[in-house]
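Structure, as structure tokens:
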Ligand SMILES: NC(=O)c1ccc[n+]([C@@H]2O[C@H](COP(=O)([O-])OP(=O)(O)OC[C@H]3O[C@@H](n4cnc5c(N)ncnc54)[C@H](OP(=O)(O)O)[C@@H]3O)[C@@H](O)[C@H]2O)c1
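Numbering (UniProt numbering), first residue to last: 1 to 303.
And the structure:
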């Protein structure tokens with residue numbers, strides 16, 4: 001099979017397209033033919049991270065440095081190990097390879113039926129593989145942090161960094177849990193953020209949203225670039241600030257909830273660009289630029 005291989009840390013040049021054997025699932029594993037995967041800010045950060053440090057941290061936390069990148073995927077089960085109970089060949093599935101060394105920027109990926117760090121669920125026939133791969137870690141992060149903020153119906157949210165993967169998902173999820181949502185992004189993305197449902201959109205390069213005087217119940221920093229001291233100035237008395245800098249973990253039930261929102265048309269991942277497997281390096285270059293909009297899908301088989 002074709003796969004992207006990266007054996008050392010560094011620039012996108014460390015990513016190589018190679019032909020390697022299709023993996024054989026262990027007893028507790030599922031072999032998935034990957035239809036769509038993605039490239040995220042997390043993939044790019046893992047690519048850059050010092051491998052020796054990752055190996056040590058991984059030993060403690062129970063994960064391995066990635067040899068094949070690609071955390072998010074959607075595809076069809078090709079084969080299952082002897083002990084797999086809940087899935088069978090032909091099932092459409094979506095999930096993540098978090099904690100595994102071999103990810104989904106490949107024609108096939110092996111994932112455990114239940115995993116310590118990653119998630120795996122059946123894909124709804126009402127969600128395409130592209131939309132499934134694009135709405136995974138970003139929305140799961142947004143769901144978890146908005147739950148942590150205790151966002152309630154009718155409450156106002158400001159999403160700072162609303163044009164990225166987490167931010168664009170947070171616009172839809174905050175609208176679902178709460179009331180009106182405003183956004184902050186650069187001028188080039190104002191139309192996009194409005195089209196995703198934000199009422200007022202501030203261009204952080206020309207407008208200081210704090211000086212607008214508007215107060216929010218929740219401010220969600222989706223890019224980790226807003227100072228808490230600044231956020232506090234724009235919060236109501238009982239307002240809450242949450243940031244992607246907080247630790248989150250992947251929860252299967254939350255991916256089911258996200259899929260349900262997708263089926264109901266309440267969450268539509270914004271997919272800015274798609275690349276074939278051969279061009280994963282270009283996708284990483286775009287992520288490294290810091291200007292990625294929404295999500296990048298890697299189209300591997302079919303869609
Ligand atoms: N806690 C977790 O578990 C978790 C999970 C996922 C991601 N993350 C982290 O969350 C962050 C965002 O992830 P992502 O996947 O959403 O990233 P992303 O999609 O790569 O974010 C790119 C977006 O960030 C915006 N941006 C860049 N600088 C900005 C600034 N100074 N102010 C406002 N917006 C700015 C850009 O918009 P403009 O061009 O308009 O500036 C661009 O659209 C990353 O640091 C990632 O590692 C954390």
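Glycine included, C-beta positions come from ideal geometry on N, C-alpha and C.
Heavy atom of ligand 1 within 7 Å of residue i beta-carbon
i           : result
residue 204 : yes
residue 189 : yes
residue 195 : no
residue 161 : yes
residue 242 : no
residue 246 : yes
residue 48  : no
residue 141 : yes
residue 138 : yes
residue 231 : no
residue 115 : no
residue 185 : yes
residue 55  : no
residue 198 : no
residue 124 : no
Anticipated Cβ contact below 8 Å, residue i with residue j, distance rounded
i           : j           : result
residue 198 : residue 182 : 6 Å
residue 296 : residue 107 : Wrong, their Cβ atoms sit about 18 Å apart, outside the cutoff.
residue 172 : residue 196 : 7 Å
Option in the options with minimal Cα separation from residue i
i           : options            : result
residue 44  : 188, 185 and 69    : 69
residue 267 : 102, 19 and 177    : 177
residue 272 : 40, 1, 34 and 9    : 40
residue 257 : 143, 192 and 174   : 143
residue 3   : 298, 154 and 205   : 298
residue 99  : 6, 46, 11 and 296  : 46
residue 239 : 116, 200 and 216   : 216
residue 205 : 9, 194, 189 and 82 : 189
residue 244 : 226, 237 and 236   : 226
Beta-carbon proximity check, residue i vs residue j, cutoff 8 Å
i           : j           : result
residue 95  : residue 118 : yes
residue 15  : residue 278 : no
residue 302 : residue 126 : no
residue 79  : residue 25  : yes
residue 67  : residue 5   : yes
residue 7   : residue 141 : no
The stretch 219-236 contacting the stretch 146-165, beta-carbon criterion three pairs below 8 Å: yes
The stretch 47-55 contacting the stretch 23-30, beta-carbon criterion three pairs below 8 Å: The stretch 47-55 is not in contact with the stretch 23-30.
Inter-stretch contact (C-beta, 8 Å, three-pair minimum) for the stretch 116-131 and the stretch 87-95: yes
The stretch 71-85 in contact with the stretch 132-140 per 3-pair CB rule at 8 Å: The answer is yes - the stretch 132-140 touches the stretch 71-85, with three or more Cβ pairs under 8 Å.
The stretch 139-159 touching the stretch 183-203, judged by at least three CB pairs closer than 8 Å: yes
At least 3 beta-carbon pairs within less than 8 Å: the stretch 247-256 vs the stretch 227-238: no
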